[in-house]
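Okay, so here's the structure we're looking at.
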Amino acid sequence: MTHVIENVRFRLAPGTAVDSFLEANRAVEAWLAEQPGFVARTLSEGADGEWLDHVEWTGMAAAEAAASAMMTEPRLAPFGQAIAPGVEMRHHRMRWKG
832 MTHVIENVRF
842 RLAPGTAVDS
852 FLEANRAVEA
862 WLAEQPGFVA
872 RTLSEGADGE
882 WLDHVEWTGM
892 AAAEAAASAM
902 MTEPRLAPFG
912 QAIAPGVEMR
922 HHRMRWKG
């Protein structure tokens, strides 16, 4: 089975403090841990304020199911509200992991 990497690029909504965003992120971490096929996740901030959410899944079906379910999960609303419009999500097949 080929693992899938989900990369989500985004910026915080105007007026959102990083500490508040990271607090809202705790609910995402807990929710992801419940999702079938979830492997690991990192969240990074670039010097220009762009964020990268890097999630590893056991396969594309798991990644797509979670992405769909996340949109209607009430526990994740504060996280979603902290993100500006213009989110870019892409999925890639993992070819190597060190």
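Here the working numbering runs 831 ahead of the position in the sequence shown, where the first position is 1. Every residue, glycine too, gets a C-beta built ideally from N, C-alpha and C. Keep in mind the model is a prediction, meaning the values are calculated, not measured.
| Thinking C-alpha only, which one of A878, P909, W888 and E881 is nearest Q866? | W888
| field | Beta-bridge pairing of D884 - partner residues as DSSP gives them | value | V839 and L874
| request: Report yes if the CB atom of R840 is closer than 8 Å to the CB atom of E881, and no otherwise. | output: yes
| CA nearest to the CA of L843, picked from W862, E876, H834 and G868 | By alpha-carbon distance to L843, the top candidate from W862, E876, H834 and G868 is E876.
| What are the start and end residues of the beta strand (DSSP E) that includes M902? | Note, M902: premise wrong, no beta strand (DSSP E); not H, not E.
| task | Quick one: using the 10 Å Cβ neighbour count with 16 as the cut-off for buried, is L853 buried or exposed? | result | exposed
| said: In the DSSP output, what is R924 paired with across the bridge? | reply: V835
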